[in-house]
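Just so we're aligned, residue 1 is where the sequence shown starts under the UniProt record's numbering, counting upward by one. Quick reminder that beta carbons are idealized off the backbone N, C-alpha and C, glycines included. Keep in mind that this is a model prediction, so the values were computed, not measured. Each remark here refers to the structure printed beneath this line.
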Amino acid sequence: MSDIDTGDTTGTDDTTGNDVHVEYTDGTSADVYDSNHDGVADQVDTDSNGDGHTDTWAYDSNHDGKIDQVDWDTNGDGNPDHGAMDTNGDGHADFYSADTNNDGSPDAYAADTNHDGTIDTYAADTNNDGRVDAVAVDKNEDGQVDVVATDTDNDGNVDTVHYTNDSANPYAS
């Protein structure tokens, strides 16, 4: 007895285009499908839907010869679809571009709004006294940085201790 039954399953005395029923020697059976009825089982058919293109071509949406899931350029523009961004389209990844928005000025210049040569996020000098605000705070402008000064309101008393004329409690404020 043959392991493969090639007989006619439709009663037309024709064995072309029929599904093939395979019986294994261990007694189990499995159906092998031929969905386009070309006589070749789908598992080994290179054109399982019969459209005239190989199945791998069907997974190549831009027809560049590379299957889309491993194709880095699915839209065919010559640039990888994933990876380093080139938002201004100058052909260089943004981290290599000095001017990512193409406004004609380097990005570092745009980040230096007072044009003192230092990027503003690192040199906040909102009162333009020439000293970085976070470091040199001198509220009473006596030339002494407030972290050192003990009398920022110039009342003659150390800021943490205020004397009053109250003899019962001279430290009350």
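query	result
Using 8 angstroms as the threshold, is the C-beta distance between Asp116 and Asp107 below it?	no
Using beta-carbon positions only, say whether Asp90 and Asn102 come within less than 8 angstroms of one another.	yes
Please classify Asp34 as buried or exposed, where buried requires at least 16 other C-beta atoms within 10 Å of its C-beta.	buried
Tell me the rounded alpha-carbon separation between Asn140 and Ser105.	39 angstroms
Whole angstroms are fine: how far does the CA of Asp151 sit from the CA of Asn157?	6 angstroms
By the 10 Å Cβ neighbour count, where 16 or more other Cβ atoms means buried, how is Ser2 classified, buried or exposed?	The predicted model places Ser2 with a pLDDT of 48, which falls under 50 and marks its position as unreliable; any figure quoted below should be read in that light. Its Cβ having fewer than 16 others within 10 Å, Ser2 is exposed.
With distances taken from CA atoms, which of Gly50, Val32 and His37 is nearest Gln43?	Val32
Is the CB-CB distance between Gly50 and Asn36 below 8 angstroms?	yes
Compute the Euclidean distance between the alpha carbons of Asp77 and Asp64, then round it to the nearest angstrom.	11 angstroms
What does the alpha-carbon distance come out to for the pair Asp153 and Gly143?	13 angstroms
Report all residues from its chain with a CB closer than 7 angstroms to the CB of Thr54; omit the five preceding and five following residues, and keep chain order.	Thr46 and Asp47
So, with DSSP's three-state summary, where would you put Asp51?	coil
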